[in-house]
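Protein chains in written order, with the working numbering: chain Z, 1 to 409; chain V, 410 to 818.
To start, the structure itself, in structure tokens.
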């Protein structure tokens with residue numbers, strides 16, 4: 001019998017074994033990890049400042065946590081995240097976001113991606129319609145597309161999603177017999193546009209959603225990065241109908257490499273949300289370090305991160321003013337880590353993104369953020385990662401590239 | 410408009426919004442985290458020894474990693490796990506398991522649960538038939554059931570899954586027009602039975618699977634815990650047809666709380682396997698600590714873990730001999746962390762598991778491991794977690810409970 005194995009029986013063909021839920025092996029199913037390595041001036045991805053990563057603080061906090069609770073590490077971690085951490089999150093949400101919930105409504109997840117996937121899986125069948133801002137986080141678009149959703153964008157103004165357009169959009173859908181499953185919005189420092197909803201706007205968006213019976217999915221990833229002005233309470237805090245799903249993350253104030261985010265669900269959805277997180281509890285090691293560190297240092301650390309971001313925003317705006325053709329216009333966000341820049345209509349920034357990357361500058365073009373692939377003349381510039389010199393040099397090079405590629409005079 | 414929000418509009422009803430993929434909120438969708446807390450004598454779950462958790466070593470290793478690579482933490486981690494870690498795993502698999510693969514075939518996952526879910530999602534549509542040992546890991550059964558698979562168990566002997574029964578099972582299925590999607594097996598220290606396949610048995614199982622064109626899914630979670638005898642190469646190492654999917658874990662030698670496991674896929678399935686892990690990269694923080702620690706300390710640490718487990722196995726066998734009715738029979742595994750005990754047929758150990766837990770002793774009854782809910786007279790006892798005194802006292806108490814509950818004279 002062993003003899004039979006020595007022969008080369010040929011390589012097994014799995015093609016007829018792949019489940020229907022799995023898309024074909026195409027570019028769309030790659031990991032997103034760029035084999036070309038990282039560009040010299042990386043304004044593409046939403047990375048925080050590498051010097052603000054609290055390596056020593058986290059290491060020290062972890063040492064304390066392991067002394068006190070190391071024996072817990074051999075247990076399977078609470079799939080929801082350990083109770084003290086969820087209580088800490090509940091307290092943070094109450095103080096900073098006006099949200100009043102029980103620890104049981106909180107689920108710690110291995111990053112925002114998991115939270116986005118859970119909520120989208122929870123509420124959408126293939127073909128269902130989901131509403132977003134007209135430009136939105138590409139990770140969310142990927143989740144929605146993977147789940148075969150129909151995605152409808154709503155146009156924005158300087159305060160974010162427009163309630164009148166949202167109302168009209170839902171009315172139009174309903175007239176065709178379509179009831180959207182939820183409205184996904186990033187109210188604070190929207191990604192990529194950087195808009196920040198006022199209190200009134202938050203009320204207005206919620207009211208439209210309530211009037212139409214369409215739940216809201218509030219992605220609050222950037223509120224912690226408010227470096228100018230006072231915090232605005234979350235949409236969730238105004239929602240007396242408990243139709244708002246909410247997620248937050250520690251990726252922006254600690255690091256994406258930790259993979260620690262959280263979601264907040266209405267009580268009736270707890271069991272099913274837990275189910276969808278099944279088998280994916282977050283690393284207790286990473287969660288312990290995060291909790292012990294933030295418990296003692298959150299406010300000072302967030303203040304430090306925001307000082308850094310504010311200075312970098314100004315450096316990038318300064319560099320754009322100094323080096324870039326004035327036909328390129330952009331916002332001046334009071335938080336977050338992105339500028340949203342616009343070239344004159346008809347100019348395709350998207351078409352030179354590959355070439356710019358080869359020459360050492362990465363940015364994300366508008367179509368990456370659009371459900372319909374629009375926004376050729378837009379680009380998102382992240383000012384979180386590069387240092388001040390890198391921001392200036394990179395913007396200068398980008399301006400040069402735009403000129404040399406014939407986008408600008 | 411704000412006024413409208415002050416009124417209680419009533420709580421939103423999500424029930425008609427839940428996607429079809431989500432099961433109803435029932436006991437089956439709970440998290441598995443027991444709200445009663447942990448019993449005094451916990452032989453139920455497969456927890457390692459808490460004193461063997463290398464808290465200081467990991468902390469020190471992490472310190473080094475953060476010094477050298479802390480700035481990486483602000484980047485989104487490579488979704489597959491960072492390259493050096495995958496190279497380390499490739500090398501470990503080659504030296505210890507006879508497996509020859511490229512780092513690109515390795516995907517680091519947030520625990521074995523993710524690996525099990527990925528492979529099962531990759532290959533099974535609802536209603537597809539999957540084959541397991543007649544008693545197998547409950548986590549695998551949960552994944553398969555959640556994905557609405559038809560699960561067929563194959564009986565075992567002292568070497569694990571019987572090739573003649575596997576052959577007959579597949580023939581029977583094929584005669585009904587059913588082609589199973591894979592054979593899931595735990596060749597080394599099978600969970601729960603503790604059986605260990607010989608080289609010949611591994612060959613025989615592979616040959617049956619090859620002859621029928623049914624892929625193998627090899628779960629190698631326990632091979633690192635071989636405390637007696639020499640390692641047997643994996644089934645994967647004998648497979649010249651590349652039809653074997655493989656997963657391993659660091660949960661048993663480091664800690665489940667880390668959430669670090671890995672899977673190995675045939676080259677043609679890499680893209681789709683990555684897709685199914687989408688949005689769930691493992692914590693880079695936990696992965697860095699694990700890699701830096703194991704790189705320098707793996708062999709000595711594994712030797713220490715196995716010394717501990719061997720001594721605990723003997724303590725549990727001694728306690729069973731001393732306190733338990735001789736009608737209870739059990740194996741003497743050369744690795745892993747479980748005894749598989751059998752009471753005379755007709756006696757339901759399962760029926761008193763709840764009562765035993767209330768009295769402070771947890772074990773898992775046979776039906777938890779069976780695709781069809783059989784095995785009322787079996788129980789799995791984990792000797793990994795409790796200390797020697799706890800093992801003795803717990804087994805004595807369990808014997809007393811069995812007698813008082815009328816299971817044994």
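A virtual CB, placed ideally from N, CA and C, is assigned to each residue, including glycine.
Asked	Found
Residue 560(V) - partner residues in DSSP beta bridges	539(V)
Against chain V: residues of the stretch 298–316 of chain Z by CB proximity under 8 angstroms	none
Coil, strand or helix - residue 226(Z) by DSSP	strand
Contacting residues, own chain, Cβ-Cβ under 8 angstroms from residue 102(Z) (five flanking each side not counted)	90, 267
Residues that residue 385(Z) contacts on chain C, provided the C-beta gap is smaller than 8 angstroms	Looking for chain C here will not work: the only protein chains present are Z and V.
Residue of 586(V), 561(V), 585(V) minimising C-alpha distance to residue 574(V)	561(V)
Identified DSSP bridge partners for residue 262(Z)	108(Z), 248(Z)
Same chain, Cβ closer than 6 angstroms to residue 105(Z), neighbours up to 5 away in sequence not counted	264, 265
Beta bridge counterpart(s) of residue 19(Z) as assigned by DSSP	Bridge partners of residue 19(Z): none, in fact.
Between the CA atoms of residue 694(V) and residue 702(V) - distance to the nearest angstrom	12 angstroms
Residue nearest to residue 178(Z) in terms of C-alpha spacing, selected from 269(Z), 150(Z), 191(Z), 64(Z)	150(Z)
Buried versus exposed call for residue 686(V) [16 or more other C-beta atoms within 10 Å across all chains shown]	buried
Test: residue 421(V) CB closer than 8 angstroms to a CB of chain Z	yes
Beta carbon of residue 833(V) nearer than 8 angstroms to that of residue 545(V)	In the structure as shown, chain V begins at 410 and stops at 818. Residue 833(V) is therefore absent and cannot be evaluated.
Cα-Cα separation, residue 407(Z) to residue 159(Z)	29 angstroms
Identity of the residue in 425(V), 570(V), 430(V), 634(V) nearest residue 743(V) by Cα	634(V)
Residue 439(V) - DSSP class collapsed to helix/strand/coil	Confidence at residue 439(V) is low in this model, with a pLDDT of 45, below 50, so the placement of that residue is unreliable and no value is reported for it.
Closer than 9 angstroms at the beta carbon, the chain V residues around residue 407(Z)	Ordered by position in chain V, no residue passes the 9 angstroms Cβ test against residue 407(Z), which lies about 28 angstroms from the chain.
Opening and closing residue of the alpha helix (DSSP H) in which residue 549(V) lies	547–555
Distance between residue 656(V) and residue 502(V) (C-alpha atoms, nearest Å)	11 angstroms
The stretch 509–526 of chain V: positions lying closer than 8 angstroms to chain Z by Cβ	519, 520, 522, 523, 525, 526
Distance between beta carbons of residue 208(Z) and residue 239(Z), contact taken as under 8 angstroms	Not quite, the Cβ-Cβ distance comes to about 13 angstroms (not below 8 angstroms), so this is no contact.
Which of helix, strand or coil DSSP assigns to residue 567(V)	coil
Within-8 angstroms CB hit, residue 294(Z) to chain V	no
Any C-beta of chain Z under 8 angstroms from that of residue 667(V)	yes
Three or more C-beta pairs below 8 angstroms linking the stretch 198–208 of chain Z and the stretch 250–257 of chain Z	no
Where residue 680(V) falls, given that 16 or more other Cβ within 10 Å makes a residue buried	buried
Residue 715(V) versus 516(V), 791(V), 767(V), 637(V), residue with shortest Cα-Cα distance	637(V)
In chain order, each alpha helix (DSSP H) run of at least 4 residues that lies wholly inside the stretch 725–795 of chain V	762–767
Integer Cβ distance of residue 644(V) from residue 653(V), believed to fall under 8 angstroms	6 angstroms
Under 9 angstroms (Cβ pairs) to chain Z, residues found in the stretch 457–485 of chain V	457, 458, 459, 460, 461, 462, 464, 465, 467, 468, 471, 472, 475, 476, 479, 480, 481, 482, 483, 484, 485
Residue 181(Z) classed as buried or exposed, judged by whether at least 16 other C-beta atoms fall within 10 angstroms	buried
C-alpha distance - residue 112(Z) paired with residue 810(V), whole-angstrom precision	47 angstroms
Bridge partners - residue 208(Z), DSSP secondary structure assignment	DSSP lists no partner for residue 208(Z).
Proximity to residue 378(Z) [Cα-Cα], best of 328(Z), 362(Z), 387(Z), 336(Z)	328(Z)
Through-space distance from residue 423(V) to residue 249(Z), alpha-carbon basis	25 angstroms
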